[in-house]
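Using this note's numbering, read the sequence shown as starting at 6 and increasing by one per residue. Yeah, the Cβ is synthetic: ideal placement off N, Cα and C, and Gly gets one too. Remember, it's a predicted structure, so these values are computed and weren't measured experimentally. Below: the structure, in structure tokens.
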Amino acid sequence: MQHPYIKEEHKIFRRTLQRFLAKECLPFYEKWEEDQMIPRSFWLKMGEQGYLCPDIDIAYGGSGVDWGFSVIINEELERVGSSLIGIGLHSDIVIPYISTYGTEEQKQRWLPLCAKGEMITAIAMTEPGAGSDLANIQTTARLEGDYYIVNGQKTFITNGIHADLVIVACKTNPQAVPKHKGISLLAIERGTSGFSRGRKLNKVGLHSQDTAELIFEECRVPKENLIGIEGEGFTYMMEKLQQERLIVAIAAQVSAERMLELTIDYVKSRKAFGKSIGQFQHNQFKLVEMATDIEMGRTFLDQLIAEHIEGVDVVTKVSMAKWKLTEMARNIATQCMQLHGGYGYMEEYEIARRYRDIPVASIYAGTNEIMKAIIAKKLGL
6 MQHPYIKEEH KIFRRTLQRF LAKECLPFYE KWEEDQMIPR SFWLKMGEQG YLCPDIDIAY
66 GGSGVDWGFS VIINEELERV GSSLIGIGLH SDIVIPYIST YGTEEQKQRW LPLCAKGEMI
126 TAIAMTEPGA GSDLANIQTT ARLEGDYYIV NGQKTFITNG IHADLVIVAC KTNPQAVPKH
186 KGISLLAIER GTSGFSRGRK LNKVGLHSQD TAELIFEECR VPKENLIGIE GEGFTYMMEK
246 LQQERLIVAI AAQVSAERML ELTIDYVKSR KAFGKSIGQF QHNQFKLVEM ATDIEMGRTF
306 LDQLIAEHIE GVDVVTKVSM AKWKLTEMAR NIATQCMQLH GGYGYMEEYE IARRYRDIPV
366 ASIYAGTNEI MKAIIAKKLG L
């Protein structure tokens, strides 16, 4: 179908990106999964071609293009594999905090390096005892002279090992009432005294995607690294989480499309009882149901993306898309693996990887239960 936000220049860009990924990514992806890390060299190649942070201003190393180009990048990376989500997090989740709330000095210092892939970013919200309940984070930052002294621990941090710059949510005023008014955002750079990495976490899926623990022990952060205004961190996160959740919805939709494509190809070639298993009515009906769900999901998602690009308030629809499309993708993964039979459980088949990669999408960027709570509130319930 024709996406409402796609123009001819977007189509040309997609074809160019597909050729790049076919050469520089697809042949190596399974090796990266085995090594459990995407090499920094790939980030640099992405940066060289202008595939990182394309929507930031030319003055800061970007291309200054509309967000439709970022959508295409996220879609094509997901078609290769879900473990590439750290790139979308860098360009479309972390960088907007700097480009929107950062000072001119911060933008000049960090954004050009981020666009080149020389500086990889992460955002650290989640803690061992605080996930979706961000108001109750325990990491603190007290101002002493020209430095914030940060103490605390973060976990499940995407790009945690590679990250050269981490935006950290912390309590600058632990006595604030309500609690969320005491949260601020600090940008902490690699090599800062008191900042260390914990474990690279061993996950069920997303094997080459870099996820880690971060530790801050009397970490001395220059006060110039405060993002925006002290005490406004929670507000900033609530504003930017909408695009983060949209990125997750896009990935879920593309993953579902890819799984259906794989399964249709498989059932056409797999024979049983003298004919292809795609000729059995039960299997046909299953595939028809999945194809219909996917088509309806794509229609809703494309309209949502178009509204987001136009600056429309899409909080309710983003929450709907995030939970509905991630649940859809998880259900489709189960059905597609079943249709692959025993082969679907073998690592050499892509469906096996997709099956273990997709469940976490309903957890990160706010659990689907939180999405439903947001929607209920917006409905006045």
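Secondary structure within the region 261-337: the alpha helix (DSSP H) runs of 4 or more consecutive residues, fully enclosed, are 286-314 (chain order). Boundaries of the beta strand (DSSP E) harbouring PHE221: 216-227, taken from the DSSP string. Taking the C-beta atoms as reference points, GLY283 is found nearer than 7 Å to VAL272. Just so you know, the alpha carbons of CYS119 and GLU266 end up roughly 34 Å apart.
Comparing alpha carbon positions, the residue from VAL319, TYR354, ILE154 and ILE166 closest to GLU244 is VAL319. Non-local beta-carbon contacts of GLN158 in its own chain, meaning distances under 8 Å to residues more than five positions away in sequence, involve GLU132, PRO133, THR144, GLY203, GLU218, LEU219, ILE220 and PHE221 in chain order. Distance from the CA atom of PHE74 to the CA atom of VAL259, rounded to whole angstroms, is 16 Å.
Looking at the backbone, the Cα of TYR34 and that of ASN336 are separated by about 25 Å. In terms of CA proximity to GLN23, GLU81 leads the group GLU81, CYS175, PHE278 and PRO179.
Nearest to VAL99 by C-alpha distance, out of TYR10, TRP115 and SER137, is TRP115.
Beyond the five residues adjoining it in sequence on each side, ALA378 comes within less than 8 Å, by CB distance, of no other residue in the same chain. When C-alpha distances from ASP215 are compared across ILE172, VAL70 and LEU94, the shortest belongs to LEU94. Between ASN288 and the set CYS30, GLN340, ARG19 and LYS327, the nearest pair of CA atoms involves GLN340. Our two residues, SER213 and SER189, have alpha carbons roughly 31 Å apart in a direct line. Inter-residue distance for ARG303 and THR268 is about 18 Å (C-alpha atoms, whole angstroms).
Excluding its 5 nearest sequence neighbours in each direction, THR321 has C-beta neighbours in its own chain below 7 Å: ILE380 and LYS383, listed in chain order. Here PHE161 is buried. Its C-beta has 16 or more other C-beta atoms within 10 Å. The alpha-carbon of SER324 is positioned some 22 Å away from that of ALA174. Residue environment analysis places LEU191 among the buried positions, since at least 16 neighbouring C-beta atoms fall within 10 angstroms of its C-beta.
Residue pairing by DSSP puts ILE162 in a beta bridge opposite ALA217. In this structure, ILE142 lies near ALA135, with their beta-carbon atoms less than 7 Å apart. Taking the Cα positions, GLY199 is about 8 Å away from VAL155.
Counting other Cβ atoms within 10 Å of its Cβ, SER201 stays below 16 and is therefore classed as exposed. Pairing ARG225 with TYR354, the inter-Cα distance amounts to about 48 Å. Between the beta-carbon of TRP72 and that of ILE314 there is about 5 Å, and that keeps the pair under the 8 Å contact cut. For VAL99, DSSP assigns no beta-bridge partner whatsoever. Annotated three-state conformation of GLU110 is helix, per DSSP.
Residue nearest to VAL85 within the set LEU31, ALA168, CYS58 and GLU53 is LEU31 (criterion: CA-CA distance). Residue environment analysis places GLN111 among the buried positions, since at least 16 neighbouring C-beta atoms fall within 10 angstroms of its C-beta. Around the beta carbon of PHE18, a 10 Å sphere encloses 16 or more other beta carbons of the protein chains shown; the residue is thus reported as buried. Bounds of the alpha helix (DSSP H) holding LEU26 are 13-29.
For the options VAL70, ALA64, TYR350 and PHE239, the alpha carbon positioned closest to that of GLU14 is the one of VAL70.
Boundaries of the beta strand (DSSP E) harbouring ARG202: 200-205, taken from the DSSP string.
For ILE43 and TYR348, the gap between their C-alpha atoms comes out near 27 Å.
Counting along the chain, ILE172 sits inside the beta strand (DSSP E) bounded by residues 170-176. The residue from THR108, GLU149, ASP362 and ALA311 with its alpha-carbon nearest to that of ILE11 is ALA311.
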